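Throughout the sequence shown, residue numbering follows this note's numbering, covering 43 to 1298 in sequence. One structure is given here, and the rest of the page talks about it.
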Amino acid sequence: MDKEERKIINQGQEDEMEIYGYNLSRWKLAIVSLGVICTGGFLLLLLYWMPEWRVKATCVRAAMKDCDVVLLRTTDEFKMWFCAKIRVLSLETHPVSSPKSMSNKLSNGHAVCLTENPTGENRHGISKYSQAESQQIRYFTHHSVKYFWNDTIHNFDFLKGLDEGVSCTSIYEKHSAGLTKGMHAYRKLLYGVNEIAVKVPSVFKLLIKEVLNPFYIFQLFSVILWSTDEYYYYALAIVVMSIVSIVSSLYSIRKQYVMLHDMVATHSTVRVSVCRVNEEIEEIFSTDLVPGDVMVIPLNGTIMPCDAVLINGTCIVNESMLTGESVPVTKTNLPNPSVDVKGIGDELYNPETHKRHTLFCGTTVIQTRFYTGELVKAIVVRTGFSTSKGQLVRSILYPKPTDFKLYRDAYLFLLCLVAVAGIGFIYTIINSILNEVQVGVIIIESLDIITITVPPALPAAMTAGIVYAQRRLKKIGIFCISPQRINICGQLNLVCFDKTGTLTEDGLDLWGIQRVENARFLSPEENVCNEMLVKSQFVACLATCHSLTKIEGVLSGDPLDLKMFEAIGWILEEATEEETALHNRIMPTVVRPPKQLLPESTPAGNQEMELFELPAIYEIGIVRQFPFSSALQRMSVVARVLGDKKMDAYMKGAPEVIASLCKPETVPVDFQNVLEDFTKQGFRVIALAHRKLESKLTWHKVQNISRDAIENNMDFMGLIIMQNKLKQETPAVLEDLHKANIRTVMVTGDNMLTAVSVARDCGMILPQDKVIIAEALPPKDGKVAKINWHYADSLTQCSHPSAIASEATPVKLVHDSLEDLQMTRYHFAMNGKSFSVILEHFQDLVPKLMLHGTVFARMAPDQKTQLIEALQNVDYFVGMCGDGANDCGALKRAHGGISLSELEASVASPFTSKTPSISCVPNLIREGRAALITSFCVFKFMALYSIIQYFSVTLLYSILSNLGDFQFLFIDLAIILVVVFTMSLNPAWKELVAQRPPSGLISGALLFSVLSQIIICIGFQSLGFFWVKQQPWYEVWHPKSDACNATGSLLWNSSHLDNETELDEHNIQNYENTTVFFISSFQYLIVAIAFSKGKPFRQPCYKNYFFVFSVIFLYVFILFIMLYPVASVDQVLQIVCVPYQWRVTMLIIVLVNAFVSITVENFFLDMVLWKVVFNRDKQGEYRFSTTQPPQESVDRWRKCCLPWALSCGKKIPKAKYMYLAQELLVDPEWPPKPQTTTEAKGLVKENGSCQIITIT
């Protein structure tokens, strides 16, 4: 394709696509129409399935600017094609005057800012999108997003709202007044209706889409073919099966659409009030909102119909729909840089950065707080599918395809069957021509062989195992919205866990406090609720520095804040609406201690306690709140004690951050040591600080001051120590995972040392293991980025570096022995900042760190997602288990994401556990392994079924015969369907084992299994087919043949006298047919038993009672009609009478076949090949195992198998991480030595190479 005309849209984003322009070509259309007629409509179907072919066959390349159709291709590994029609939006019909006036009213299409100022941020006007003469805008829609033509960048671009490129200053100066009605109407024309439209397709539309699936078209072709060949019963059975399959599929698809529609429809149309330019309030439908509208948030709350930034007042919001966090969040108005004491006017507004000021679509506003005469207002920044909820719904409506080796191999398997069918097709034609068969019969029979080879029941058979696994998961409280991922969960070899609420209890308990006086720590105190401390600044900070609020009289908010507030036993009172209305300013939230805590008289001269002369009334009003920010790791408040002239600033947050904002002379010298002692014991530590504000700071000035002006020069007050207890089941579950060779990783927002301590407590890091902390620093002042390596456990134990080096470095000998593998047990730990620096500047170190990285602390939600991707890049199958609070992205990105939250946010996670416990993880992996092995069993069985039937038909074609209609029906319905649906019922094995099932069908053991069974079955079928011809009673069968009379059995003959004269057009009735039918019928059952494996991934097949009963019943039935023929059954199945001696011979053939098949599959394969494969797996992953093998077995391994296994591993590394593990075994520079630094090379920074420099 022409390089100039290949453009990229959504560059650098997840949905990045290549785009090509095309125009419709009449002559191409005429040729295609002719082709459609000639192929009976098949070409039309092919073009429907292949958008790329459709566009290229009917269109010619054109300049993007003037094209009628665009062809899109994703740039990810799937390279999916889509096409979209260009539409034209006419602006001439709009009442806004001239194009010139319009140009100042449309947003910038590149970094879109809806501003009125043509010289400022709105540098480009409408001309970017449209031809000035016609005032028409060209656009197309893809996956619910409109892309408009942008003349400036000569490409299509989607119309952005106020969420990009708009500064906080302009939000207030240019957008806070509202829109005029004309401007609103104009924007609505461009942005469209504000709704997340999940249209539930009509049953007819869904039916057409489902029926046009290539597989159902193939079934339709098969049915027509069989009908022409008079196989009416079998054709009818397939039609019934297809109808049942289509109906069940339509029901489940429509049900999902309805569920999603209902979830989205909660806010679809509500009445909202908006402010117009002339300060009038207009009531409109929420569907009419556009970016730039100023929305009034009602007092009694609402469900947000869009994303909006708060510019007036405060809101309490429940964001569980988006974050999974049921705790109400306080949202404050966006800081106005123009009136701040310390201006930050050039800061750009971003919904993520300023999420504490942003109300997101779909979240519920519970309460609002406001100033008298000033409404609570928010400016609409995004509408429709651009909103946070819209993006979530889009990710559900248009999911990325699941890339799993099993499914790729499944297509290869089908291609192999098609190739086999091709051979049969050619053989049939040649054989029929040689035997001078009619042309019509040749066509039907040669096409028939294709329908036999590709089994029509395959999709139904494949989904059966997954459906049963889904039901079993539901029984143990795990709900699944993406059933295809159950199989992938069987491959998981690494699981990431969130810490708080997942590995540990949700809430924190207050363990105690450690106050600071005169820059020295006092001894720890357990009880905060006492008379001595009631009026101290320490308790005042605990009482005011929080985001708690009363909702219907009940105190609610962050659990941490709640625990602290409950510990001091104070009372919180909020102003009512009536009280607020009486005053000229907002009434503050007031906190006060209970009367019993207040001392009756005032002790004099106690400066530290700062007691006041008002013992009866002691209240503190919270004047301004700066909510907790995960980026800043702190929150602060401005408060005033009743009757005091000066206000107080209180701050709490991460100890390191708080200490850095305090006067150095107020921070104790042993601060780091005390903090480290607590964090190493697994405590969560929060620091408090305080300062008196200047008297010139009035109430109104405080409302507009920036937090930077408040949060500095503080006095350090001390530490609060919170205890986060491990959940009871955590250590046992992690031990099970380690025994099963499944790595565990902790990803948390908590402090690093606390996380390392919890990792040790729960067994993620063993007592003898070393922890290496990677502290990465970004480039600064001309210096390159660097990583400092510290050995966590040695930092406080050893006094000088030489001791650290000798004691803490993992001993590493460059020998190929498993003892060394055990001696290199080390773990990397790092925080989110270091992780980001390493990703950016140390690309070549990332895989090495992923191999042993166990603790990732202070990780932001997007960093969690990046970590999952980094682990997947070294070929790990990654599971993620979180409570849904900020793990949505990671849960979606992982191969198997399990949310422990039952809230709506779990819609982002493929799996949701009803019980908030990590015990669901091993259960899910067990069920995944069982489902995966079931898929293999079914695939192998269906392959054998196809080949056995294919070979039966091919043998019979050689004598111009075939299987009868009812013979096909009996094999396909009575045997195959019953066996397939019951063999999938084996439950999962009761415990996780160290082996993992293979990930694909194309593996040595599986291929050997299938090929060996094919050879055995073909061999015994051929034996029967050719041996029957050698029998003394054999003759070419004709209606008067009767081999049974030779054995004295006259019963059969006499009962068939009436049918002797019936002609058999298809030559079904003959001795070869009868022999092949009986032997092949038994063969289906033999391979079903051989392939139905149990341990180590599934329960043994004898515990699958339905399967056992079905197989025994079928065996008995076929054995009975073979040894003791029933005339009516023989007549229906078109079986001929053979001597009793031959029946016994067939039984012997079947028994020998069964013995050989089961011996090869269950003994030779399992005892020899399977163990070799698994032993290699074990060897490759040995370094991740926590179990210590007995020394004798290690020695034996080393002497006999290890050199061979290692060499095998080196030849064909199964996964990148295994290959890397082998490389690092012989790398003398790895792991890094303690107290060393790794620096990025300045000159070749882009390729991420680095060097190690040891600090002396």
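Positions of the beta carbon are idealized from the N, C-alpha and C atoms, including for glycine. Being a predicted model, the structure only gives us computed values, none of them experimental.
Which same chain residues end up closer than 6 Å to residue i when comparing Cβ atoms and leaving out the 5 residues on each side of it in sequence?
i            : result
residue 598  : 370
residue 912  : 888, 892
residue 883  : 827, 1282
residue 694  : 587, 728, 730
residue 61   : 49, 51, 112, 114
residue 1258 : 916, 917
residue 704  : 731, 756, 758
residue 749  : 668
Can residue i and residue j be called in contact, C-beta distance under 8 Å?
i           : j           : result
residue 421 : residue 217 : yes
residue 130 : residue 99  : no
residue 109 : residue 63  : yes
residue 101 : residue 121 : no
residue 403 : residue 432 : yes
residue 586 : residue 372 : no
residue 233 : residue 400 : no
residue 91  : residue 256 : yes
residue 710 : residue 558 : yes
residue 519 : residue 925 : no
residue 315 : residue 322 : no
residue 58  : residue 117 : yes
residue 207 : residue 376 : no
residue 899 : residue 792 : yes
Check the C-beta distance from residue i over to residue j and give it rounded, since I have them as a contact under 8 Å.
i           : j           : result
residue 438 : residue 353 : Their Cβ separation, rounded to whole angstroms, is 32 Å, which puts residue 438 and residue 353 out of contact at 8 Å.
residue 920 : residue 538 : 7 Å
residue 745 : residue 666 : 6 Å
residue 701 : residue 681 : In fact, because the Cβ distance is near 22 Å, the residues do not count as touching under 8 Å.
residue 688 : residue 795 : Actually they are not in contact, since the Cβ atoms of residue 688 and residue 795 sit about 37 Å apart, beyond 8 Å.
residue 589 : residue 670 : 7 Å
Which residues in the same chain have their Cβ closer than 7 Å to the Cβ of residue i, if we skip the five residues on either side of it in sequence?
i           : result
residue 651 : Low local confidence applies: a pLDDT of 45 at residue 651 is under 50, so the model's placement there is unreliable, and no value is given.
residue 292 : 245, 248, 249, 252
residue 806 : 776, 786, 788, 896
residue 89  : 95, 96, 99
residue 378 : 214, 746
residue 306 : 238, 240, 435
Taking 8 Å as the limit between beta carbons, can you name the residues of its chain near residue i, skipping five residues before and five after?
i           : result
residue 67  : 100, 101, 102
residue 235 : 329, 330, 426
residue 880 : 816, 818, 829, 872, 887, 888, 891
residue 656 : Residue confidence for residue 656 is low, a pLDDT of 42 falling below 50, so the modelled location carries little weight and cannot support an answer.
residue 419 : 218, 317, 336, 337, 338, 339, 352, 353, 354, 355
Looking at the strands, I want to know which residues DSSP matches up with residue i.
i           : result
residue 409 : 358
residue 336 : 317, 421
residue 814 : 833, 870
residue 123 : 115
residue 191 : 198
residue 758 : 731
residue 61  : 49, 114
Does the stretch 1131-1142 come into contact with the stretch 1024-1041, if we say contact requires no fewer than three beta-carbon pairs (one atom in each stretch) closer than 8 Å? These segments touch.
Looking at C-beta atoms only, is the number of pairs between the stretch 990-1008 and the stretch 527-535 that lie closer than 8 Å three or more? Because the criterion of three Cβ pairs below 8 Å is not met, the stretch 990-1008 and the stretch 527-535 do not touch.
Counting Cβ pairs closer than 8 Å, one from the stretch 1141-1161 and one from the stretch 1040-1047, do we hit at least three? With a cut-off of 8 Å, the stretch 1040-1047 and the stretch 1141-1161 do not count as touching, because too few Cβ pairs lie within range.
Do three or more CB pairs link the stretch 289-306 to the stretch 506-516 at distances below 8 Å? Not touching, per the Cβ criterion.
Three-pair Cβ contact test at 8 Å for the stretch 1108-1115 versus the stretch 1142-1152: Not touching, per the Cβ criterion.
Touch test, the stretch 756-768 against the stretch 805-824, Cβ-Cβ under 8 Å, three pairs minimum: The stretch 805-824 and the stretch 756-768 do not touch, with fewer than three beta-carbon pairs separated by less than 8 Å.
With a cut-off of 8 Å, do at least 3 Cβ pairs link the stretch 485-503 to the stretch 984-997? Yes, since at least three Cβ pairs between the stretch 485-503 and the stretch 984-997 fall closer than 8 Å, the two stretches touch.
Under 8 Å: do the stretch 959-973 and the stretch 557-571 share three or more Cβ pairs, one atom per stretch? Look at the beta carbons and you see the stretch 959-973 not touching the stretch 557-571: under three pairs across the two are nearer than 8 Å.
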